[in-house]
Amino acid sequence: MAETQLVVTEERLNELMALIFARCQVAVDGESKVIPNFDEIRHSVMNRMVQLFVKNSVFSKDDFTFRVTSNNAANPGGYFVDQFAGGGHIKILTLPLFLEERIIFRLAIAYQSFYIDRNGKHVEPSRELKEFYNFLVSLSGKMTKRTKIFENRFMKVQVVLLNDERKLVEAVKCSFKRP
Numbered sequence: 552m553a554e555t556q557l558v559v560t561e562e563r564l565n566e567l568m569a570l571i572f573a574r575c576q577v578a579v580d581g582e583s584k585v586i587p588n589f590d591e592i593r594h595s596v597m598n599r600m601v602q603l604f605v606k607n608s609v610f611s612k613d614d615f616t617f618r619v620t621s622n623n624a625a626n627p628g629g630y631f632v633d634q635f636a637g638g639g640h641i642k643i644l645t646l647p648l649f650l651e652e653r654i655i656f657r658l659a660i661a662y663q664s665f666y667i668d669r670n671g672k673h674v675e676p677s678r679e680l681k682e683f684y685n686f687l688v689s690l691s692g693k694m695t696k697r698t699k700i701f702e703n704r705f706m707k708v709q710v711v712l713l714n715d716e717r718k719l720v721e722a723v724k725c726s727f728k729r730p
């Protein structure tokens with residue numbers, strides 16, 4: 552498994568989403584279909600944590616597998632994306648944060664250490680999936696600085712957000728606290 556965590560501006564998030572929706576299939580929990588464009592989920596992304604599942608034909612020829620939640624009291628009959636089914640996907644977790652009067656985003660871009668193909672066999676992430684992951688991380692990580700958030704925990708933070716590094720770090724730390 553690989554994961555990169557970043558803190559970026561809304562503009563950088565929009566650039567990333569434009570590229571992803573132009574080149575990839577995207578699914579989110581709660582829906583039973585591929586999301587055709589970012590505008591369909593923009594409100595959710597701007598207001599709460601959203602987990603996106605991304606497939607590109609370069610590394611995955613199969614469709615998403617959607618399952619129905621039957622034992623979730625908060626969302627009975629809702630859908631979720633099967634995170635293990637198929638040849639692989641990239642997960643992007645978005646969380647809006649408020650820094651003074653600006654919305655910024657904590658992102659986690661990741662892929663899993665294995666997937667399960669249609670024959671039930673465990674498969675490792677392909678070289679193409681890893682390359683696409685590196686491409687997304689490189690794009691998102693332009694003009695960032697490795698910034699200490701907690702002891703032994705660093706995130707890539709977009710340099711333009713570091714005018715008041717102390718306030719930024721506090722906002723990010725607060726996002727890890729449970730209500």
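All residue numbers in the sequence shown are consecutive under our numbering, ending with 730. A virtual CB, placed ideally from N, CA and C, is assigned to each residue, including glycine.
- In the three-state reduction of the DSSP assignment, LYS681 falls in the helix class, which pools H, G and I.
- Contact annotation, PHE615 with PHE604: C-beta distance approximately 6 Å; criterion of less than 8 Å satisfied.
- In the three-state scheme derived from DSSP, where H, G and I count as helix and E and B as strand, ARG717 is classed as helix.
- In summary, ARG657 is buried, with 16 or more beta-carbon neighbours lying within 10 Å of its beta-carbon over all protein chains present.
- Annotation for TYR684: ILE641, TYR662 place their beta carbon closer than 6 Å to its own, counting only its chain and skipping 5 residues before and after.
- DSSP lists ALA578, LYS642 as the beta-bridge partner residues of PHE604.
- The three-state secondary structure of GLU554, taken from DSSP, is strand.
- Non-local C-beta neighbours of LEU646 in its own chain, meaning closer than 7 Å and more than five positions away in sequence, comprise MET600, PHE656, ARG657, SER726, ordered along the chain.
- A check of alpha carbon separations from ASN670 across ILE586, ASP715, VAL720, GLY638 identifies GLY638 as the nearest.
- Taking 9 Å as the cut-off, the beta carbon of THR560 is found no closer than this to the beta carbon of ALA659.
- For MET694, no beta strand (DSSP E) segment is defined, and its DSSP state is neither H nor E.
- Comparing alpha-carbon positions, the option among LYS728, GLN709, SER611 lying closest to CYS575 turns out to be SER611.
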